[in-house]
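Trainee: Attaching a single structure in structure tokens format; questions to follow.
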Amino acid sequence: MSMLTAIIVLGVLALVFGLILGFAAVRFKVESDPIVDQIDAILPQTQCGQCGYPGCRPYAEAIANGDAINKCPPGGEATIKQLAELMGVEPQPLDAAHGTEDVKKVAVIREDECIGCTKCIQACPVDAILGAAKQMHTVIAHECTGCDLCVEPCPVDCIDMVPVPVRPENWQWNLEQIPVTVVESAK
Amino acid sequence: MNAYKELTLQGLWTNNPALVQLLGLCPLLAVTSTVTNALGLGLATLLVLVGSNVTVSLVRDWVPKEIRIPVFVMVIATFVTVMQLLMNAYVYGLYQSLGIFIPLIVTNCAIIGRAEAYASKNPWQKSAFDGLMMGLGFTLVLVLLGAIREIIGNGTLFDGADLLLGAWASELRIELVQFDYPLLLAILPPGAFIVMGFIIAGKNWFDQRQAERAKTPEKQVTRARVTAQ
Amino acid sequence: MTFKIAASPHAHQRRTTTQVMRWVYLAVIPGILVHSYFFGLGIFLQLLLALLTAWICEAAVMRVRGRSVASAWQDHTAIVTAVLLAISIPSLAPWWIIVIGTAFAILVVKHVYGGVGQNLFNPAMAGYVLLLVSFPVQMTSWPIPQQLAQLQLSLADTWQLISSGYSQAGYSLEQLRSGIDGVTMATPLDSLRTDLSHQLTTAEALQKPIFGSFAGVGWGYLNLAFLLGGLVLIYQRIISWHIPAGVLLGLTVPATLLWLFNPDQSISPWLHLMSGATMLGAFFIATDPVTAATSNKGRFIFGLIIGALVMVIRTWGGYPDAVAFAVLLANMAVPVIDKYSQPLAYGHGGRT
Amino acid sequence: MSAINISAIEAGQLWSFHGGIHPPERKQLSNQTPIQTLPLSKTFVVPVKQHSGNSGEILVAVGDDVRAGQPLTQPGLQRGLPVHAPTSGTVLAIDEQPIAHPSGLTDLTITLAADGQDAWYPTTPCPDYQQLSRAELLERIQAAGIAGLGGAGFPSAQKLALQRPLEYLIINGVECEPYITADDRLMREHAAEIISGTEILMQVSGCNKALIAIEENKPEAIAIFTQLLSERAATASRIALRQVPVKYPSGGEKQLIEILTGRQVPSRGLPIDVGLLMHNVGTAFAIHQAIVLGIPLIQRVVTVTGEQVDKPGNYWVRLGTPVADLLAYAGFHETTGKAAQRVIMGGPMMGFALANLQVPVVKITNCLLLPSTTELAPAQQEMNCIRCGACADVCPAQLLPQQLQWLAKAKDYDGLEQQNLFDCIECGACAYVCPSEIPLVHYYRKAKAEIRNIAREKAKAEIARERFEARQERLEREKQERLERHRQAAEARKAAQAEAVAAGADNPQDAVQAAIARAKARKAAQAAAAAKANDSAEGESS
Amino acid sequence: MIGKSMRHNGMVLALFAIVATLLIVATAQFTEEPIKRQQEQELLQVLNQLIPPELHDNDLYQSCSLVDHAELGPGSHRIYRASLNQQATALAVEVTAPNGYSGAIELLVAFTVAGEVSGVRTLRHQETPGLGDKIEIRKDDWITSFNGLTVQGADDNRWAVTRDGGMFDQFTGATITPRAVVQAVKRANLLFQQQQQQWFAAPNNCAGVSS
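Following this line, the structure appears as structure tokens:
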């Protein structure tokens, strides 16, 4: 008898909870998944394609679908750490196959060598190069993401990637790096 | 066959439920004062894990997404209760020394974790194998922990094995060291935490050393062109 | 001539960690002297063993971690750990007791967490608890005050006892612990607790010779000596008053209430204060900056928790003295205390 | 705003702030002698930017002759603060030179070769400034290039331009940092001008009450101000003197506000948020000079002190004078032995070490400190934090410096912001008391710089993202447009054909079909020929 | 939409619940007998250690009665009577020693009809491991030192630990635990001497009362 009770009670309970869950599943459905946007916000937006995807957004979508988080050299360790936190996985070292973390750089066109072919303009993912056919081109330095996609297409190799100069405003307080002037004794 | 090799590696080492996922720590730490207890709980967990994985895998197509967790819990709870009754009936001594920790297998996150993460997405053969390997991985850590604690804290190995394996097993008992004053801490719960910490540290150290030794595989990645050429 | 580039501030108050630590272990000297007066010379041998072990362990760890051994010895934190542990254990305990305890304190409790300043738990007390839990027999075998003992021990005797377990004349520690009446003696707190659980009233229990006239022979003066050392530390601003005050208040207030309520079955607040490791704990152990709370408010709360825990464990717990457990438990609460006692920073609504 | 405590403030009540330290003051070293005037150097290096904010636009070119007080830059589009020629001479160069900055980096400077005449550019004195409008006064203060001379170098006119109800103007003469006596000597010798400057400031800011705060360790200055204020009844009713107890950093803006008014400036807020405005005594003096005499800011008082100089004291130094010249005049003798010499610009608590003596004196240079290693021992080896909490006890911002230190080491920037890192005023009290000699402030500066950089990068990434997406959109649009054009062209062609066919011309479609048929026939012929050749070859081999 | 989802989920969950419960119920039925036997055997094993087989030919487990005495500790306590050829020979009684170091200690004490202790075993305790737990036969044979002894009246001073001038060793470092056990056994023995007749005559009434 007690066994029958147990079966009935548990069966009814399960039925009730199943009904509740079935109701909740439809009623409280969450629609879109903003995870891609969150990932995209962490990526450095250099649009360099080193991850193997055409731009940061496609890579963000790939991560959301389970791709590795360590394919972004411009973001480096900091980005991996943030992504790991967001995705709830262990941070991994940067996958060297995609490149290594480097200092921030900016593209500079040696203007007297530029032949005005506009190839770099087409290559720039953020429209940071100004110019027109047969006219000299120049890089808008503060819009340049340092992706170096413009370097390869240039037929005359007149684009250099130079490190972003350190100014007193963005200096990092590394006292060890200060060159100390040696003053000869005045006497 | 490669998939099975991968499962073995995952369960025993890279994704070991006790060392890496740190699941089921409560029973793990509480019952491992001797190898016998550890082995007992480990085997019980292993059986439940295999059983629940197979069952979950078999029913996965009929279980709607919304109620899969309650169903998994029910499957596991059933297995544990059956296990508990059987142990009570046929290995009474062990049942007494494992006591409360058998019902606690229900809440061992390793089991529902595998059900959710693996068995609910894979065919039953693979799920069974995954359960076996995860269970083995768990058991091995339990036994290792139990052995260390038993040796340090009691100077013996397989003390009380007869409770688990029958009278013949009392032969298994090994008196390794005769301590005048054994380090009691080792068989008390804090000792479990400390020894467990060292085991995990050891594993991480080993992995790190392996990783350092391993050459980074040369891999060619084609860079995507973001823009038209 | 070259110029030195340094970060501001360029001025420094000249009080280093080393000096702070030196003050701490200098301030326990009165306690050590009183200890040796009542419990014999064993304490000096224990100190020696503890210091040796601590130094060797520090050096070994530093070598393994590839750091400078000298820098680890320099800050004197290991000395403090060793000294505190050595004066906490029974002074005639076998040599391996203090060696295991100190090694555990230095290796596991301190260096596994990352060394000076990183440890979660007070190393000396964690070592003490390891010993107490693992070797309850040795750790509860306090020698009886010399004034009550039948036999007096020479330094050589003491050394023999600690190293082999028997005095030169062949007496075991257990025999030596017998008092004038031939009965082995426990510490005052232990004795009182036993008697209380034995349905004696407090007044009856206090009749035993171990209590003498002043909070237990030896123990009362020992506590006074630590109190003195502690006051020196406060005066020297090595420690702030918040933690000791918290501990003593947290202990006294509930103890007094209980005592007023049930004088026959409880330990008087006076005895609470003047026995066991109360003063040592309040002024030297709980005040370990690494494992205590940070802000003054937090420190006071931290102290209160320790005091209350000591009282609770002494009254209802399984161990007669409770400072070590109380300190470790409070250590665990530190992050929470810190979180909720964080002072309101300037400009965040304290004053407008 | 708390009007409740006005009466308490009026009654002269002083409050206190949390923490603080009492380092050895050592002010006697330099405050015994009157301010001397430094002889003119041969060359002057004038950095274009000497304040916090944007630099102005350069008005001169290489080779131009300039006179003392002549503006070298103008505010321009970026609303920068002008700098002026410190003396008459020729512009030698406009280029990047090392500047007085902790980084030792270079910045744009104008180098002048002095002609020794010290001829002045015409000035416009205005003794009856009361007639001037607020806007005119602000304009003149701006044109005189006045930036806060207390240390931060914030353009004074910008600070004054904020229009909010004000209860008090506070003139900061506390000068709490050890060694520095520039303000002390200035107050002793130019009290009247400072009071005059204070009155101008009150007029500009529309505030009718002022408090002059002087630390108790400057009795001479206090005496002079007491006397001057008592002599002028009209002034005394509006300007009150407050003696502030000696404690570092009571001269910090926020700390002084708490001492004088018991109020706290909200985090990331300004004094004006609590109805207060603060200026340094040096600024008050400079404003007096600029308005009443029409002299722009081209010189300031600099304390040169420390045991390594023979003639410690205060000097009137033209801005742009190389530090080396000043030190040579003050009798700097180098240390002997191996210990490296420190040349500190600013005080021992907040100053920074110079890497190069050719850097110029600028608007914010209040002190050059040349300590021997015995008086300010170089920092020892950093040890581990023992969480002793001494730093938290002295922190005037009531932060938890050790917590910040752990977080900074762990690069936990969110945690740092939660612990209010940006409320740190970098006063150095925590590092001063730290028994483990941890350069705490340095960790905070690094972390702050890093956080700012991250924010900058983030903003930049956001822009890059927008540009990328805009570009993608544009490309997509262009593609659509191209397709559309092709379609239209094809349609047009079709229509034209149809028209042509209708008109009786050959259908080009037929021509295509014919061409294809021809090609097919040719291919089939070739294939047949090849098969034949194959057959014959096989026959031969078998 | 909602209706379908609810119906489907409810049915599936209920089905699983019923199957699971059925499985458990079946196992419970199947194991009921063996479990009972196991528990019996466990107790019998202890009883047989205390009362040697040559002293009894009855079913000790069945010959059980419940008694209430303050001396044995709070609540009912079981007694198991042994008899040889219908002749009462020995008796085992559950005793609670309330004043152990960490709470009560449950003992099983057996006496011969002559009134002497034939054996003591610890059933349950929470004494300090390594210190108080020497009252377990598995750890130490101290507990056998009671064998063959008898209490000579309530003021028998020998029934105390040596520390209190008695004849039982306290094991090193711990006095409270052995003292509690000695006192409990003493009380039980005195009670047995006084209650012997009634206890042997009491009816078998343990059945159905779970321990």
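Chains as they are written, first to last, in our numbering: chain V, 1 to 187; chain Y, 188 to 416; chain F, 417 to 768; chain H, 769 to 1310; chain Z, 1311 to 1521.
Even for Gly, the Cβ is constructed at its ideal location relative to N, Cα and C.
What you are looking at is a predicted structure, and each value in this text was computed from that prediction instead of being measured.
#1: Go ahead and pull the three-state DSSP assignment for glutamine 1505 of chain Z.
#2: Compute the Euclidean distance between the alpha carbons of cysteine 158 of chain V and cysteine 150 of chain V, then round it to the nearest angstrom.
#3: If I'm right that leucine 13 of chain V touches alanine 1380 of chain Z with Cβ under 8 Å, what's the distance once you round it to whole angstroms?
#4: Of all the CB atoms in chain F, is at least one closer than 8 Å to the CB of glutamine 416 of chain Y?
#5: Put threonine 877 of chain H into one of helix, strand or coil per three-state DSSP.
#6: Mind checking cysteine 213 of chain Y: buried by the 16 CB within 10 Å criterion, or exposed?
#7: Roughly how many angstroms lie between the CA atoms of glycine 586 of chain F and valine 1491 of chain Z, to the nearest whole one?
#8: Looking at the unbroken beta strand (DSSP E) that takes in histidine 1318 of chain Z, where does it start and where does it end?
#9: Could you check whether the Cβ of glutamate 90 of chain V sits closer than 8 Å to any Cβ belonging to chain H?
#10: What is the residue span of the alpha helix (DSSP H) that aspartate 37 of chain V lies within?
#11: Helix, strand or coil for serine 185 of chain V, going by three-state DSSP, please let me know.
#12: Return the first residue and the last residue of the beta strand (DSSP E) that arginine 1250 of chain H is part of.
#13: Among the residues of its own chain, which have a CB less than 6 Å from the CB of arginine 730 of chain F, if the five just before and after it don't count?
#14: Run through DSSP, which three-state label would arginine 1286 of chain H get?
#15: Go ahead and pull the three-state DSSP assignment for asparagine 423 of chain F.
#16: Measure the C-alpha to C-alpha separation of glutamine 781 of chain H and isoleucine 938 of chain H and round it to an integer number of angstroms.
#17: Using CA atoms only, rank isn't needed, just tell me which of H/Lys1177, H/Gly1062, H/Pro1034, H/Lys1079 is closest to glycine 763 of chain F.
#18: Do glycine 458 of chain F and proline 604 of chain F have their C-beta atoms within less than 8 Å of each other?
#19: So, does the CB of leucine 546 of chain F fall closer than 8 Å to a CB anywhere in chain Y?
#20: Distance check for alanine 521 of chain F and serine 550 of chain F, CA to CA, integer angstroms please.
#21: My understanding is that valine 743 of chain F touches asparagine 538 of chain F, with C-beta atoms under 8 Å, so please give their C-beta distance in whole angstroms.
#22: Check whether the Cβ atoms of threonine 223 of chain Y and phenylalanine 345 of chain Y lie closer than 8 Å to each other.
#23: Between the Cα of glutamine 563 of chain F and those of F/Ser504, F/Gly733, F/Val450, spot the shortest distance and give me the residue it belongs to.
#24: Would isoleucine 8 of chain V be called buried (16 or more neighbouring beta carbons within 10 Å of its own) or exposed?
#25: Can you list, in chain order, the residues of its chain whose CB lies under 6 Å from that of threonine 1422 of chain Z, leaving out five sequence neighbours each side?
#26: Looking only at its chain, what residues have a beta carbon closer than 6 Å to the beta carbon of proline 1139 of chain H, apart from the 5 residues adjacent to it on each side?
#27: Given a cut-off of 8 Å on the beta-carbon distance, is the pair glycine 646 of chain F and alanine 443 of chain F in contact?
#28: Which of the three DSSP states, helix, strand or coil, is assigned to methionine 690 of chain F?
#29: Is the shortest distance between the beta-carbon of serine 691 of chain F and the beta-carbons of chain Y less than 8 Å?
#30: Rounded C-beta distance between leucine 1087 of chain H and valine 1130 of chain H? I'm assuming under 8 Å.
#31: What separation, rounded to the nearest whole angstrom, lies between the Cα atoms of glutamine 1351 of chain Z and alanine 225 of chain Y?
#32: Do you know how far the Cα of glutamine 1076 of chain H is from the Cα of threonine 1142 of chain H?
#33: Are three or more beta carbon pairs between the region 274-283 of chain Y and the region 204-218 of chain Y nearer than 8 Å?
#34: Nearest-angstrom Cα distance between asparagine 1499 of chain Z and asparagine 1514 of chain Z?
#35: Could you have a look at glutamine 45 of chain V and say whether DSSP puts it in helix, strand or coil?
#36: Return the CA-CA distance between histidine 786 of chain H and arginine 1110 of chain H, expressed in angstroms with no decimal places.
Mentor: From the atom records:
#1: As a working note, residue 1505 of chain Z is residue 195 in the fifth sequence. DSSP places glutamine 1505 of chain Z in helix when its eight states are reduced to three.
#2: For the purposes of this step, residue 158 of chain V is identified with residue 158 of the first sequence, where counting begins at 1. For the purposes of this step, residue 150 of chain V is identified with residue 150 of the first sequence, where counting begins at 1. Their Cα atoms are separated by approximately 10 Å.
#3: Locating residue 13 of chain V in the first sequence gives position 13, counting from the first residue. Locating residue 1380 of chain Z in the fifth sequence gives position 70, counting from the first residue. Rounded, the Cβ-Cβ distance is 45 Å, inconsistent with contact.
#4: By one-based count along the second sequence, residue 416 of chain Y stands at place 229. Below a pLDDT of 50, predicted positions are generally treated as unreliable, and glutamine 416 of chain Y, at 40, falls in that range; the measurement from the model is reported next regardless. Not an interface residue.
#5: If you number the fourth sequence from 1, residue 877 of chain H lands on position 109. Reduced to three states, the DSSP call for threonine 877 of chain H is strand.
#6: The count along the second sequence starts at 1 and reaches residue 213 of chain Y at position 26. When all chains shown are included, cysteine 213 of chain Y counts as exposed.
#7: On the third sequence, position 170 is the one that residue 586 of chain F refers to. On the fifth sequence, position 181 is the one that residue 1491 of chain Z refers to. Taking the straight line from one Cα to the other gives about 33 Å.
#8: Taking the fifth sequence and counting its residues from 1, the one referred to as residue 1318 of chain Z is at position 8. That residue, histidine 1318 of chain Z, is in no beta strand (DSSP E); its alpha helix (DSSP H) goes 1312-1360.
#9: Position 90 of the first sequence holds residue 90 of chain V. Glutamate 90 of chain V does not count as touching chain H.
#10: Here residue 37 of chain V refers to the residue found at position 37 of the first sequence. Taken as a continuous stretch (DSSP letters only), the alpha helix (DSSP H) holding aspartate 37 of chain V covers 35-42.
#11: Locating residue 185 of chain V in the first sequence gives position 185, counting from the first residue. Confidence at serine 185 of chain V is low in this model, with a pLDDT of 45, below 50, so the placement of that residue is unreliable and no value is reported for it.
#12: What you label residue 1250 of chain H is simply residue 482 of the fourth sequence in a count that begins at 1. From DSSP, arginine 1250 of chain H is part of no beta strand (DSSP E) but of the alpha helix (DSSP H) over 1208-1270.
#13: Reading the third sequence from its first residue, position 314 is the one you call residue 730 of chain F. The answer, listed in chain order, is Ala738.
#14: The residue you call residue 1286 of chain H lines up with position 518 of the fourth sequence. Reduced to three states, the DSSP call for arginine 1286 of chain H is helix.
#15: In the third sequence, the residue the question calls residue 423 of chain F occupies position 7. The amino acid occupying residue 423 of chain F in the given sequence is alanine; asparagine does not appear at that position. In this structure, alanine 423 of chain F counts as coil in the three-state DSSP scheme.
#16: Position 13 of the fourth sequence, counted from the first residue, corresponds to residue 781 of chain H. Position 170 of the fourth sequence, counted from the first residue, corresponds to residue 938 of chain H. For glutamine 781 of chain H and isoleucine 938 of chain H, the distance between alpha carbons rounds to 15 Å.
#17: Reading the third sequence from its first residue, position 347 is the one you call residue 763 of chain F. Among H/Lys1177, H/Gly1062, H/Pro1034, H/Lys1079, the Cα nearest to that of glycine 763 of chain F belongs to H/Pro1034.
#18: Counted from its first residue, the third sequence places residue 458 of chain F at position 42. Counted from its first residue, the third sequence places residue 604 of chain F at position 188. No, the Cβ-Cβ distance between glycine 458 of chain F and proline 604 of chain F is not below 8 Å.
#19: Stepping through the third sequence from its first residue, residue 546 of chain F is reached at position 130. Taking Cβ atoms only, chain Y reaches closer than 8 Å to leucine 546 of chain F, which makes this a yes.
#20: Working through the third sequence from its first residue, we reach residue 550 of chain F at position 134. Working through the third sequence from its first residue, we reach residue 521 of chain F at position 105. Each residue's alpha carbon lies about 14 Å from the other.
#21: For the purposes of this step, residue 743 of chain F is taken as residue 327 along the third sequence, with counting starting at 1. For the purposes of this step, residue 538 of chain F is taken as residue 122 along the third sequence, with counting starting at 1. Going by Cβ atoms, the distance from valine 743 of chain F to asparagine 538 of chain F rounds to 5 Å, so yes, they are a contact pair.
#22: In the second sequence, the residue the question calls residue 223 of chain Y occupies position 36. In the second sequence, the residue the question calls residue 345 of chain Y occupies position 158. Result yes, Cβ atoms of threonine 223 of chain Y and phenylalanine 345 of chain Y sit closer than 8 Å.
#23: Stepping through the third sequence from its first residue, residue 563 of chain F is reached at position 147. Ranking the options by Cα distance to glutamine 563 of chain F, first place goes to F/Val450.
#24: For the purposes of this step, residue 8 of chain V is identified with residue 8 of the first sequence, where counting begins at 1. It is exposed - the Cβ of isoleucine 8 of chain V has fewer than 16 other Cβ atoms within 10 Å.
#25: For the purposes of this step, residue 1422 of chain Z is taken as residue 112 along the fifth sequence, with counting starting at 1. Excluding sequence neighbours, threonine 1422 of chain Z sits near Ala1400, Ser1428.
#26: Counting from 1 along the fourth sequence, the entry for residue 1139 of chain H is found at position 371. Hits under 6 Å: Gly1074.
#27: Residue numbering aside, residue 646 of chain F sits at position 230 when the third sequence is read from its first letter. Residue numbering aside, residue 443 of chain F sits at position 27 when the third sequence is read from its first letter. Contact: yes.
#28: The residue you call residue 690 of chain F lines up with position 274 of the third sequence. Methionine 690 of chain F: helix per DSSP, three-state reduction.
#29: Reading the third sequence from its first residue, position 275 is the one you call residue 691 of chain F. Chain Y, which has no Cβ nearer than 8 Å to the Cβ of serine 691 of chain F, makes this no.
#30: Sequence index remark: in the fourth sequence, residue 1087 of chain H carries index 319 (1-based). Sequence index remark: in the fourth sequence, residue 1130 of chain H carries index 362 (1-based). So it is a contact: roughly 6 Å between Cβ atoms.
#31: As a position in the fifth sequence, residue 1351 of chain Z is number 41, starting the count at 1. As a position in the second sequence, residue 225 of chain Y is number 38, starting the count at 1. In a straight line, the C-alpha of glutamine 1351 of chain Z is about 25 Å away from that of alanine 225 of chain Y.
#32: Taking the fourth sequence and counting its residues from 1, the one referred to as residue 1142 of chain H is at position 374. Taking the fourth sequence and counting its residues from 1, the one referred to as residue 1076 of chain H is at position 308. Each residue's alpha carbon lies about 11 Å from the other.
#33: no
#34: On the fifth sequence, residue 1499 of chain Z is found 189 positions in, with the first residue counted as 1. On the fifth sequence, residue 1514 of chain Z is found 204 positions in, with the first residue counted as 1. Looking at the two C-alpha atoms, the distance is approximately 21 Å.
#35: Locating residue 45 of chain V in the first sequence gives position 45, where the first residue counts as 1. Three-state DSSP puts glutamine 45 of chain V in coil, outside helix and strand.
#36: Against the fourth sequence, residue 786 of chain H aligns to sequence position 18. Against the fourth sequence, residue 1110 of chain H aligns to sequence position 342. About 31 Å.
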